[in-house]
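Working notes, beginning with the structure itself.
Chains as they are written, first to last, in our numbering: chain A, 1 to 428; chain B, 429 to 856.
Next up, the structure:
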C-alpha cells in the first residue's frame, strides 16, 4: 500500500493537533482510509522553535513554496491562516494536482468559489469542515445529510468567544468590559477583539453555511452584521425576566427563493434548544421543510476538535484518492442568488424605550406601531427607579425589518420618547 | 442523462414520505444527484387501497419479488419492515446488483454484517441512515465526520416513545400507566408497547451505533437492556430534587479496547446537554478523545424526517453510481470485539432504600459500601411521612457494576433494610 504524503502549512495550535492525531491513530487511520498517512513536510515561520510534538528537523522548512512544489506530496493541509498570500499557495497547489484541506474560514468566505472552481478544473478535492464550528461536522451534514431536504433556516452560535462572554454576562452579571478583559486574559479573545465582538468572524462562517444550505453563492457582503459591544446588563436582565437569553446569532433564512443572512444579538426564548448552548460551545440549528428541527452541538474551536475535523477531511480525500474520484463532488451551487428586501425580512422584535412618565405616552407609542402595521405581542410599562422617566418594553409579533425601521425613525422625532435604549431581534 | 430507477418495498407512512420528497424536489434532487430519479415500481399489501399521494396504478404490485426481479430498477428502498422474509428480498436484490436503502433497524441490528458482506461482494451500496434516530444524520457522522477520532462514548436518547412518556411523567407528575395509555391513544406507543418500553427498540439502535462508533461488530445480545416500566413518580421526584432527569439512555462505552453497551433508565445531571432533550425528540451525544463533547439533536421518527434520511441515502447511492464507486466504502469493522467485564464497567449509581427508622442503620449500610470499595458522593436520610420507615438515598462515586451487585446482594440479607426501592445508573 502506497502511503499518502501530506504537506502541512503552519504548525501552530491546530497544526500540532493534526500531527498528534496522525501519529497517535496510525492504525485507526489505516483502517479508515486504507492507506498509511505520512506527514512529509511542514512549513513553519521559525524552524528552530521548540515544538510540543517530536518532529524531524529535516521535515521543516520556512518557505511554504517548498511544500507546495514538493512533487512527493499528495495533500496540502493549510492551517497557517491569512488570505491573499495563502490563496496563492492554495491555487498553485491545486494547479499542480494536490488536494487541499483547510481550516481557513476567512479564505473560504472570501474566495471559496474561486478556489472550488480551480479544484474542479484540476479534479482535486478542497475540504474545509474545520472552517466552521471546529469539531462539529456541520459542512458534511449540510452537503450530504440534508441533500434531499429543502433547508429554510439555519441559526448558528458560531463564535465561541462571544458566546463565552454573553454566558458570563448572563450567569454572573458582569459588565461587557469586564468580561472582555477576562476573555482576553484567558486567551479566548484577542488583543484586538474586533473580529469576534463585532460579529465579523461569525459573518464569515454564516456566509459559508448559507452557501451550502441554500446552494447559492452567498458572499460576505450579503451578510448584515451587528456585534455584541453595545449589549448592557440591563438588556440581559430584561431578557431573563421575560424568559429569553441574549445570544449572538447568525440567522440564514430562505423564503421562496429569496434569502437573508444576518449576524446580530438576538433574544432567544429559553425553551429553544439553542438557548441553552453556553460557554465556548458552538451549535448550529437547522430547519428543513421535511426533517423539521435539528441541532448540532460541539466545541467550536481548540487544538484537538479542529484537528479532528481536518483529519476527517484528510481521510475523505484519501478514500477518494483510492477510488479515483477526487474533485467530482457535484457542484453545490445551482441556484441564482436573490436577497430578501427589508419588506420581506420578518421577525419578532424587542424594544426598550425610555419615555416621559406622563399620561398618554403609551397611547402615542402604540399608535405609531399600528400606523406601520406592527402588532404587539406584549407591552410592559414601569417607572424607572433611578430617574423621572418610565421604561416601556415592547415585544412585537412578526414584523418586517422595513416597518420596524420606520417605527424607529418616527420614535426619534417623538417628543415623549427620550431614548430607544435597545432594539433586538427575537427568536423562538 | 439516464434516470435512476427506484423500487419501493412498502408504502406506509415513511414510503409515502419518500414518494412525496422525490416528486416535490425533483429539481433539487437533480442538482444534488446529477440524475433524474424515478419511482419505478412499488410493492404494497393492497393495490386497491386509497393513497394520500397520487400514484399510477400500474406502478403498484402486491408481490415484492416483482420489484426485486425488475431489471429496470437500480435501487431498492425498503420501508416495509419485517426481518426474515425482508432479509431474503434484500440479499436477492444485492445478488442481482441492486443497491439498497433501508430504514429497518431490526434487520440491520440482527443481520447487518451478513447484508453488508453481501453488498461488498456484489459491489453494491447498502445505506441505513434512517434506521437510527430518524431525521438525524448520525450514521453518516459516525462513519465520516469522526473518522479520524477515537470515539470512547456514545449516549443516545434513541426511542421517542419512551422519551415522550418520561418527559410527561417529569413535567406533569402523571403515573407510568396513565402516560402509557395516553401515548397509545396518540399513536406514539403501540397496542403491545413491549419493544419500546422494555428498551428493545433502543437496544437495536445502540447495537448499530456502537458497531459504527467502535468499528467492531456489536450484536444485539451484547447489549444489556432494562426498560422503563418500573419507574415510579417517587424516583422521578427524587431525581428532580437532586438535580437529575430520568431518561432511558443507551450508553456505549470503550475503555482501551473493551466495550460495553447498555440501555437502561439513567439519572442524568440536569446541566448535561442530553438532559434537556424532551418529548419525542431524539439525541445522540458522542464523546471523542480529540473532539470532546458533541451532540446531535432532531426528530427520531415521523413520515418526513425519516423519508429525508432515506432520500439523502438515495442521493449518495446515485452519486456513487455516477462515479462508479458503489460498494467500495472502506469496511467499517476492523477490530475484534472484547466486552467489558462487570469489574471493568464503571458508573455512578443512585440507590433508594427503605430502612428501619432506628439508630445505627446508616452506619451499617455505609459499612457495606466501604467493604466493597464503593465510595459515596452523597447520602440523604429522611423519615418517610407515610409509614414508620426511613428513606436513605445514596449517590455513589464511580463504582464497578460488580461491586454494586455485591452491595445489593448483601442488602437483601440485611435485616434493617426493608426494600431496595430503586437503583439507577447516574450520568453527568
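Glycine included, every Cβ here is placed at the ideal spot set by N, Cα and C. All values derive from a computational prediction rather than experimental measurement.
Applying the 10 Å Cβ sphere with the 16-neighbour rule, what's the burial state of residue 214 of chain A? In the first chain, the residue the question calls residue 214 of chain A occupies position 214. Looking at its Cβ environment, which holds 16 or more other Cβ atoms inside 10 Å, residue 214 of chain A is buried.
Within the same chain, show all residues whose beta-carbon is closer than 8 angstroms to that of residue 754 of chain B, passing over the 5 residues directly before and after it, in chain order. Taking the second chain and counting its residues from 1, one reaches residue 754 of chain B at position 326. Excluding positions up to five away in sequence, the list reads 527, 551, 552, 553, 745, 748.
Starting from the C-beta of residue 330 of chain A, find all residues in its chain whose C-beta is less than 6 angstroms away, skip the five residues before and the five after it, and write them out in chain order. Residue numbering aside, residue 330 of chain A sits at position 330 when the first chain is read from its first letter. Residue confidence is low: residue 330 of chain A scores 48 on pLDDT, short of 50, so the model does not pin down where it sits. Its coordinate-derived value is still stated next. Answer for residue 330 of chain A: no residue qualifies.
Partner residues on chain B for residue 350 of chain A, Cβ-Cβ distance less than 9 angstroms: Your numbering for residue 350 of chain A matches position 350 in the first chain. Those within 9 angstroms of residue 350 of chain A in chain B number zero; the least Cβ separation is about 24 angstroms.
Can you tell me whether residue 529 of chain B is helix, strand or coil according to DSSP? On the second chain, residue 529 of chain B is found 101 positions in, with the first residue counted as 1. Three-state DSSP puts residue 529 of chain B in a strand.
Using a Cβ-Cβ cutoff of 9 angstroms, what residues of the region 470 to 483 of chain B are near chain A? List them in chain order. none
Between the Cα of residue 282 of chain A and the Cα atoms of A/384, A/412, A/375, A/166, which residue gives the shortest distance? Your numbering for residue 282 of chain A matches position 282 in the first chain. When only C-alpha atoms are compared, the closest one is A/166.
Round the Cβ separation of residue 778 of chain B and residue 852 of chain B to the nearest angstrom and send it over; I've been treating them as touching at under 8 angstroms. Here residue 778 of chain B refers to the residue found at position 350 when the second chain is read from its first residue. Here residue 852 of chain B refers to the residue found at position 424 when the second chain is read from its first residue. The pair is a contact, with the Cβ atoms about 5 angstroms apart (cut-off 8 angstroms).
Just mark residue 24 of chain A as buried or exposed, buried being the case when its beta carbon has 16 or more other beta carbons within 10 Å. Within the first chain, numbered from 1, the residue matching residue 24 of chain A stands at position 24. The residue is exposed, with fewer than 16 neighbouring Cβ atoms inside 10 Å.
Okay, do the region 582 to 593 of chain B and the region 604 to 622 of chain B touch, 3+ Cβ pairs below 8 angstroms being the bar? yes
Give the straight-line distance between the Cα atoms of residue 22 of chain A and residue 722 of chain B, rounded to the nearest whole angstrom. Locating residue 22 of chain A in the first chain gives position 22, where the first residue counts as 1. Locating residue 722 of chain B in the second chain gives position 294, where the first residue counts as 1. Rounded to whole angstroms, residue 22 of chain A to residue 722 of chain B spans 21 angstroms at the Cα level.
With 8 angstroms as the threshold, decide whether the Cβ of residue 16 of chain A is near any Cβ in chain B. For this step, residue 16 of chain A is matched to residue 16 along the first chain. So, not an interface residue.
For the region 133 to 154 of chain A, list every residue whose C-beta sits within 7 angstroms of some C-beta in chain B, in sequence order. If the cut-off is 7 angstroms between Cβ atoms, the region 133 to 154 of chain A has 135, 136, 137, 140, 141, 144, 145, 146, 147, 148, 149, 150 near chain B.
Within 8 angstroms of any Cβ in chain A, is that where the Cβ of residue 735 of chain B sits? Here the question's residue 735 of chain B lines up with position 307 in the second chain. Interface residue, yes.
Applying a beta-carbon distance threshold of less than 9 angstroms, which residues of chain B neighbour residue 164 of chain A? The residue you call residue 164 of chain A lines up with position 164 of the first chain. Ordered by position in chain B, no residue passes the 9 angstroms Cβ test against residue 164 of chain A, which lies about 15 angstroms from the chain.
Chain A contact for residue 722 of chain B (CB, 8 angstroms cutoff): The residue labelled residue 722 of chain B in the question sits at position 294 within the second chain. It does: the Cβ of residue 722 of chain B has a partner Cβ on chain A nearer than 8 angstroms.
Terminal residues of the continuous alpha helix (DSSP H) containing residue 794 of chain B? For the purposes of this step, residue 794 of chain B is taken as residue 366 along the second chain, with counting starting at 1. First-last of the alpha helix (DSSP H) with residue 794 of chain B: 789 to 799.
Endpoints, the alpha helix (DSSP H) within which residue 51 of chain A is located: As a position in the first chain, residue 51 of chain A is number 51, starting the count at 1. For residue 51 of chain A, there is no enclosing alpha helix (DSSP H), since its DSSP letter is neither H nor E.
Neighbouring residues, chain B, relative to residue 311 of chain A (Cβ below 7 angstroms): Start at 1 with the first residue of the first chain, and residue 311 of chain A comes out as number 311. The contacting residues are 576.
In chain order, what residues of the same chain lie with their CB nearer than 7 angstroms to the CB of residue 521 of chain B, ignoring the 5 residues before and after it? By 1-based counting over the second chain, the position of residue 521 of chain B is 93. So the qualifying residues of the chain are 496, 504, 528.
Do you know whose CA, among B/533, B/571, B/818, lies nearest residue 846 of chain B's CA? By 1-based counting over the second chain, the position of residue 846 of chain B is 418. Closest in C-alpha terms to residue 846 of chain B, from the list B/533, B/571, B/818, comes B/818.
Report the residue from B/567, B/826, B/810, B/664 whose alpha carbon sits nearest the alpha carbon of residue 145 of chain A. The residue labelled residue 145 of chain A in the question sits at position 145 within the first chain. The option with the nearest alpha carbon to residue 145 of chain A is B/567.
Report the rounded CA-to-CA distance for residue 375 of chain A versus residue 343 of chain A, giving the unit in angstroms. In the first chain, the residue the question calls residue 375 of chain A occupies position 375. In the first chain, the residue the question calls residue 343 of chain A occupies position 343. If you draw a straight line from the Cα of residue 375 of chain A to the Cα of residue 343 of chain A, it is about 15 angstroms long.
Going along the chain, which residues of its own chain have a beta-carbon closer than 8 angstroms to the beta-carbon of residue 463 of chain B, five neighbours each way excluded? Here residue 463 of chain B corresponds to residue number 35 of the second chain, with the count starting at 1. The answer, listed in chain order, is 429, 430, 431, 432, 746, 749, 750.
Residue nearest to residue 80 of chain A in terms of C-alpha spacing, selected from A/42, A/74, A/71: Indexing the first chain from 1 puts residue 80 of chain A at position 80. Nearest of A/42, A/74, A/71 to residue 80 of chain A, Cα basis: A/42.
When you check each C-beta in the region 628 to 650 of chain B against every C-beta of chain A, which residues fall closer than 8 angstroms? 643
Are three or more beta carbon pairs between the region 353 to 371 of chain A and the region 481 to 494 of chain B nearer than 8 angstroms? no
Cβ separation of residue 678 of chain B and residue 654 of chain B, assumed to be a contact under 8 angstroms, to the nearest whole Å: Counting from 1 along the second chain, the entry for residue 678 of chain B is found at position 250. Counting from 1 along the second chain, the entry for residue 654 of chain B is found at position 226. Actually they do not touch by this definition, with Cβ atoms about 11 angstroms apart.
Check the C-beta distance from residue 17 of chain A over to residue 303 of chain A and give it rounded, since I have them as a contact under 8 angstroms. Stepping through the first chain from its first residue, residue 17 of chain A is reached at position 17. Stepping through the first chain from its first residue, residue 303 of chain A is reached at position 303. Right, the Cβ-Cβ distance comes to about 4 angstroms (below 8 angstroms), so this counts as a contact.
Touch test, the region 681 to 688 of chain B against the region 628 to 648 of chain B, Cβ-Cβ under 8 angstroms, three pairs minimum: yes
Where residue 599 of chain B sits in the DSSP three-state scheme: Position 171 of the second chain, counted from the first residue, corresponds to residue 599 of chain B. Residue 599 of chain B falls in the helix class under three-state DSSP.
Give the straight-line distance between the Cα atoms of residue 258 of chain A and residue 485 of chain B, rounded to the nearest whole angstrom. As a position in the first chain, residue 258 of chain A is number 258, starting the count at 1. As a position in the second chain, residue 485 of chain B is number 57, starting the count at 1. Looking at the two C-alpha atoms, the distance is approximately 38 angstroms.
Tell me which residues share the same chain as residue 705 of chain B and place their Cβ nearer than 8 angstroms to its Cβ, disregarding the 5 neighbours each side in the sequence. Your numbering for residue 705 of chain B matches position 277 in the second chain. The residues are 585, 591, 675, 711, 725.
At a CB distance below 7 angstroms, what residues from the region 510 to 535 of chain B approach chain A? Give them in sequence order. none
Among A/197, A/202, A/169, which one has its Cα closest to the Cα of residue 240 of chain A? Within the first chain, numbered from 1, the residue matching residue 240 of chain A stands at position 240. The alpha carbon of residue 240 of chain A has as its nearest neighbour, out of A/197, A/202, A/169, the alpha carbon of A/169.
Can you name the start and end residues of the alpha helix (DSSP H) that residue 632 of chain B belongs to? Walking along the second chain from the start, residue 632 of chain B turns up at place 204. Counting along the chain, the alpha helix (DSSP H) containing residue 632 of chain B begins and ends at 628 to 642.
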